[in-house]
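Residue numbers (my numbering): 1 to 49.
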């Protein structure tokens with residue numbers, strides 16, 4: 001399995017025109033676009049690195 005990281009999340013957020021990137025354990029990375037929060041297409045984050 002290929003692990004994604006912060007650079008991947010930031011790249012996708014910029015590409016989507018997001019104003020915010022939300023990182024929370026137990027949830028997939030979330031972005032805010034036009035005031036709406038939506039998940040990125042990644043699995044939920046864990047504390048395991």
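Note that the Cβ used here is the ideal one computed from N, Cα and C, for glycine as well.
Assign residue i to buried or exposed, taking buried as 16 or more other Cβ atoms, counted over all protein chains shown, within 10 Å of its Cβ.
i          : result
residue 43 : exposed
Helix, strand or coil for residue i per DSSP?
i          : result
residue 41 : coil
residue 32 : strand
residue 1  : Unreliable placement is indicated for residue 1, whose pLDDT of 43 sits below 50; no coordinate value is reported for it.
The alpha helix (DSSP H) spanning residue i covers which residue range?
i          : result
residue 14 : 6 to 16
Which residues mark the beginning and the end of the beta strand (DSSP E) in which residue i is found?
i          : result
residue 21 : 20 to 22
residue 25 : From DSSP, residue 25 is part of no beta strand (DSSP E); its letter is neither H nor E.
Between residue i and residue j, how many whole angstroms is the CB-CB distance? I'm expecting something under 8 Å.
i          : j          : result
residue 16 : residue 33 : 6 Å
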